[in-house]
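See below for the structure under consideration.
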Amino acid sequence: MLIVDDDPDLLSLMAETLDLEGYRVDTSTNGVRALDAVEKVMPDLILLDMKMPVMDGAEFAKRFREAHDHEAPIVIVTAADNAHRSANEIGANGWLGKPFDLDSLLEIVASQVGAADSG
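Numbered according to our numbering, the sequence shown spans residues 3 to 121.
What follows is the structure, encoded as structure tokens:
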């Protein structure tokens, strides 16, 4: 799994929570780094912030889909009021609104990944 978010505290919280649940987690702080990461190891899920410096979530999703089609599902993680619309616009498989509780995070991940021992 790849978590892409420029907020270091939220990135750490999400990564630690999912790691404790048995998921293998990689992180990136912007879309450029995330594109580099998926070239090395294709994640089974991408949790993607939409507003980041260097390359935002929408641009990352566009470039990812161009290069890799739908090899990994994308769930956007955003504070935007129109999270559902943003998810549809980039072809995301789901969305999680910020702020969120950890149970909601685990539910959306489980719905996309399935077994907790997946990468």
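Every residue gets a Cβ at the ideal spot worked out from N, C-alpha and C, and that includes glycine.
Bear in mind that the values here come from a model prediction, so they are computed numbers and not experimental data.
For V6, no alpha helix (DSSP H) segment is defined; the enclosing uninterrupted segment is the beta strand (DSSP E) at 4 to 6. In the three-state reduction of the DSSP assignment, L98 falls in the strand class, which pools E and B. Taking the Cα of M3 as reference, the smallest distance to any Cα among S88, A39, G99 is reached at A39.
Beta-bridge annotation (DSSP): D51 is paired with V79. Nearest C-alpha to H72 among E18, D28, M44: M44. Taking a cut-off of 8 Å for Cβ pairs, the region 14 to 24 and the region 58 to 67 do not touch, as fewer than three such pairs fall below it. At least 9 Å separates the beta-carbon of G93 from that of S113.
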